[in-house]
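Residue numbers (this note's numbering), protein chains in the order written: chain Y, 313 to 641; chain V, 7 to 293.
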């Protein structure tokens, strides 16, 4: 299992010295598939690695440096577009980590720009972004309506000139999910970064990452999300985190994420049987970078829908998607 | 993956895995003169996998992916497996290579200097490089010319030449059967047949050289030579490069130097012989 190699190398970079060529091929393929190649490259700085590996890691670091530069520029453009709205622009995920210089942002792959604005300001934000050149990408009226009625974010928009995507969130979980985090409290406690930009408090950053990984989605990219959590945990006060998690209805998930992060990337932890199933899902990748344990992966795909909406609504949603020709892979 | 081979082409090493034996057997035959890289660490992994579980056996259908892939890549028939493997390697280079500026161009070398030819698919750049490679030039590549960011030299990337439709017969005659791959009928780009570059092109695939002349060939027109302004060249080359944006400032600097440093012409030609005569003349006149 090459995902296991990746986890081990991230936890203990000196482990890389013991790898043979076939293990290296598997490690690199897994790191790329999990979008952790930049993080791996950073962890392996100063380790002795084979000559053929060195340029691959150098390329990965250059790519993440460019990602970071682009992410900061996109954040700046969003703040500029929203400067007259009076709304705080709260950066989420990769963009926030990089803009604030957090360890979770170092070497991280960054895709879209994710921001959080107060729900009452959503329409104003949407108008201001469109005036500044962002456009809708979801052309399907069902998808568009679905986002607006049930999701925690606006349908994604893309900038016409820069071709970069923005996700505008108003809370951190779909409105149909069972836990209902207190988004207003998150906004109130956000930390200013300057230039109209903010980031969530240290505890809320962990809670958001946990909600994203364990209470939403099918654990695609879970190793990267868990690495984020592992890094973000270093900045929190455990007692404050526990209080904050209770407030957002995510105590169980946060505790689970702490066990998983400690088990896979840290000093170890004892896992529950359910933790072990998640850990098995997270390491489902072979030496070619392909996903394995197909049944388990599919089960988590089903679970992601189950988490996201009540059964009747789920049935209606799946039927609509199926009629439109969508099939799970 | 059940079947695999590791190939090195110029500076890039590819580990290619396949759910079926045929594409790997064809690659192994056609790349037999290339360095044996079995057991080496590869820059890229390429995977030829079934589009879904049933498609391994039943009307086999290949999904091309790897370290870098496109979610909406069109599935390909197993009969076109060799082409799928070549496309898989191209995909890794196009999306993942960062060590040089990639130009979507063919290149050939003579007297230690390089002729670069760029143009869209169907412009004749591939065929022209293949024909020149049989007539006293060293073939360096038909798809990507790698521009070194520091030295400004062109590095070879001499993979198999992919010949399309009417170009197949022209080149077949010139090189002979043993250097030709299987004829792939009815691909998305029509009929395709791959050609193995001459032994000297493979043996010297680590030798770079400075550029001397840039041409924009166009097949299927009466012979004509037109000047091309540097601003237009620059714009066309940024569009012909898949990693220009990703490389940032070093890419800009290298491309600017390339465009300023060598003469460029657009050439129209009706057939290979005319084109070669035009190329030789322009080459002779280049500084």
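Don't be surprised by glycine CBs; every beta carbon is placed ideally from N, CA and C.
Just so it is clear, the structure is predicted and the values come from calculations on it, not from any experiment.
Where residue 255(V) falls, given that 16 or more other Cβ within 10 Å makes a residue buried: exposed
Cα separation between residue 449(Y) and residue 475(Y)? 11 angstroms
| So, helix, strand or coil for residue 34(V), using DSSP? | It is helical.
Is residue 99(V) close to chain Y? Criterion is C-beta to C-beta, closer than 8 angstroms. no
Next item on the list: Report the neighbours of residue 378(Y) on chain V: residues whose CB is nearer than 8 angstroms to its CB, in chain order.
Entry: 252 and 254
Are the CB atoms of residue 394(Y) and residue 351(Y) nearer to each other than 8 angstroms? no
Pop quiz: residue 558(Y) and residue 571(Y) are said to be a contact at Cβ under 8 angstroms. What is the actual Cβ separation, rounded to whole angstroms? In fact, because the Cβ distance is near 17 angstroms, the residues do not count as touching under 8 angstroms.
- prompt: Comparing alpha-carbon positions, which option in 634(Y), 577(Y) and 506(Y) lies nearest residue 412(Y)?
  reply: With distances taken between CA atoms, residue 412(Y) lies nearest to 506(Y) out of 634(Y), 577(Y) and 506(Y).
Exercise. May I ask you to verify whether the region 331-348 of chain Y touches the region 627-637 of chain Y, counting CB pairs closer than 8 angstroms and requiring at least 3?
Key: no
Requested in this report: Taking only beta-carbon positions, decide if residue 364(Y) is within less than 8 angstroms of chain V.
Outcome: yes
What three-state label does DSSP hand residue 112(V) in the structure shown?
strand
ask   = Given 8 angstroms as the limit, is there contact between the region 68-75 of chain V and the region 49-57 of chain V, that is, 3 or more CB pairs closer than that?
value = yes
Exercise for review: Can you pull the chain V residues whose beta carbon is under 8 angstroms from the beta carbon of residue 337(Y), in chain order?
Suggested key: 21, 47, 48 and 51
* To do: State the Cα-Cα distance for the pair residue 169(V) and residue 215(V), rounded to the nearest angstrom.
  => 25 angstroms
Exercise for review: May I ask you to report which of helix, strand or coil DSSP gives residue 473(Y)?
Suggested key: coil
(Q) Taking 6 angstroms as the limit between beta carbons, can you name the residues of its chain near residue 593(Y), skipping five residues before and five after? (A) 531, 608 and 612
Exercise for the section: Would you list, in sequence order, the uninterrupted alpha helix (DSSP H) runs of no fewer than 4 residues that lie entirely inside the region 28-109 of chain V? Expected result: 87-102
- prompt: Exposed or buried, what is residue 443(Y) when buried is set at 16 or more other beta-carbons lying within 10 Å of its beta-carbon?
  reply: exposed
On the DSSP bridge list, what partners appear for residue 23(V)? Residue 23(V) pairs with 10(V) and 53(V).
Practice problem: Could you tell me the distance, in whole angstroms, from the CA atom of residue 15(V) to the CA atom of residue 561(Y)? | Solution: 55 angstroms
Do you know offhand how far residue 213(V)'s Cα is from residue 460(Y)'s?
-> C-alpha separation (whole angstroms): 58 angstroms.
Q. Straight-line CA distance for residue 286(V) to residue 143(V)?
A. 11 angstroms
Check your understanding: Listed from N- to C-terminal order along the chain, which residues in the region 64-75 of chain V have their beta-carbon within a distance smaller than 7 angstroms of any beta-carbon of chain Y?
Key -> Taking 7 angstroms as the Cβ-Cβ cut-off, the region 64-75 of chain V approaches chain Y at 73, given in chain order.
Q. Based on Cα-Cα distance, which residue from 550(Y), 622(Y), 601(Y) and 579(Y) lies nearest to residue 336(Y)?
A. Residue 601(Y) is the option with its Cα nearest to residue 336(Y).
Q: Taking only the alpha-carbon atoms, compute the straight-line gap between residue 294(V) and residue 537(Y) and give it to the nearest angstrom.
A: Nothing in the structure corresponds to residue 294(V), since chain V is present only between 7 and 293.
message = Less than 8 angstroms between the C-beta atoms of residue 416(Y) and residue 403(Y), yes or no?
response = no
Checklist entry - By how many angstroms is the C-alpha of residue 518(Y) removed from the C-alpha of residue 353(Y)? => result 24 angstroms
- Could you tell me the boundaries of the beta strand (DSSP E) in which residue 169(V) lies? 167-170
Provide the residue span of the alpha helix (DSSP H) that contains residue 634(Y), from first to last. Where residue 634(Y) is concerned, the enclosing alpha helix (DSSP H) stretches over 623-635.
inquiry  = Are the CB atoms of residue 265(V) and residue 239(V) within a distance shorter than 8 angstroms?
reply    = yes
Within chain V, partners of residue 600(Y) - CB distance below 7 angstroms | 7, 23, 51 and 53
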